[in-house]
Amino acid sequence: MLNNTRDKIWHIEDNLSSASWLARNLGISELLASLLAHRNITSTDSAKSFLFPKLGALHDPFLLRDMDRAVELIKSFIVKKRKITIYGDYDADGITATSLLYDFFIRLKTPTSFYIPHRLEEGYSLNEKAVREIAKDNTGLIITVDCGISSFSEITLAHKLGMEVIVTDHHQLPSGFKPLCPTISCHWNSCRHSPFNRRK
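Dropping the structure here:
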């Protein structure tokens, strides 16, 4: 049974003197300033960069291994107007990523659908039943978001059914990982010096 969170009281540590300073200098609430300070964002410049990021300040996405392969594959599907299915996880980051990609492809007038598995009935990540269902829907490319890093048998099945797959997943790579398709992950060894690497 889930605990009732309505009766919980959140306690935010306020022992960081920089929070008050940030709040005054940026004209933001003490709570927001405290959250920034807890992330070690304590200067006005770093706070502004975090709160109001500029497109030009983003890191080059091609620092991620396989990004070039994934982009070329996606471009070919967009140009040929072939169907893409976004396969997302059922949690907050999976649903958000699914929505972003779906909206992007729809704006490009690319035939697109999405699939989010039922948490209790299908579990986490790709599953064989879903892959077969997606194949029947005339999909040529499955792009996973927030899942798929260890779905070797399901990716193999997708290939047998004539579909390409791109995996985008931030979860840990399984031991002895050998990708079967373009795989975007911040955990690749070749991304060790990348700003995207979460192991720093």
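With positions in the sequence shown counted from 1, the corresponding number in my numbering is that position plus 982.
We put the CB at the ideal spot given by N, CA and C, even for glycine.
Which residues does DSSP list as the beta-bridge partners of residue 1136?
Answer by DSSP bridge pairing: none, since residue 1136 is not bridged.
Extract the residue ranges of the beta strand (DSSP E) inside the stretch 1073-1154, only unbroken runs of 3 or more that lie entirely within it.
For the stretch 1073-1154, whole beta strand (DSSP E) runs of length 3 or above, ordered along the chain, are 1094-1097, 1123-1127, 1146-1150.
Using a Cβ-based criterion (distance less than 7 Å to any ligand heavy atom), does residue 1067 qualify as near the ligand HEM?
In the structure shown, the ligand HEM is absent, as is every other ligand, since no ligand is present at all.
Give me the Cβ distance between residue 1094 and residue 1065, rounded to the nearest whole Å; I'm assuming they're in contact under 8 Å.
Going by Cβ atoms, the distance from residue 1094 to residue 1065 rounds to 7 Å, so yes, they are a contact pair.
Would you call residue 1121 buried or exposed, if buried means 16 or more other Cβ atoms sit within 10 Å of its Cβ?
Counting Cβ neighbours within 10 Å, residue 1121 comes out buried, since at least 16 surround it.
Can you grab the Cα-Cα spacing for the pair residue 1043 / residue 1049, in whole Å?
Approximately 7 Å between the Cα atoms of the pair.
According to the neighbour-count rule (16 or more other Cβ atoms, all chains shown, within 10 Å of its Cβ), is residue 1099 buried or exposed?
Counting Cβ neighbours within 10 Å, residue 1099 comes out buried, since at least 16 surround it.
In angstroms, rounded to a whole number, what distance separates the CA positions of residue 1107 and residue 1020?
Rounded to the nearest angstrom, the two C-alpha atoms are 32 Å apart.
Report the residue from 1079, 1007, 1105, 1068 whose alpha carbon sits nearest the alpha carbon of residue 1123.
Taking only the C-alpha atoms, the option nearest residue 1123 is 1068.
When you compare only the Cα positions, how much space is there between residue 1051 and residue 1112?
Rounded to the nearest angstrom, the two C-alpha atoms are 25 Å apart.
Under 8 Å between the Cβ atoms of residue 1079 and residue 1147?
Against a cut-off of 8 Å, the Cβ pair of residue 1147 and residue 1079 comes out as no contact.
Would you mind stating whether residue 1156 and residue 1133 have Cβ atoms separated by less than 8 Å?
Result no, Cβ atoms of residue 1156 and residue 1133 do not sit closer than 8 Å.
Among 1039, 1012, 1074, 1004, whose alpha-carbon lies nearest the alpha-carbon of residue 1025?
Considering only alpha carbons, the answer is 1004.
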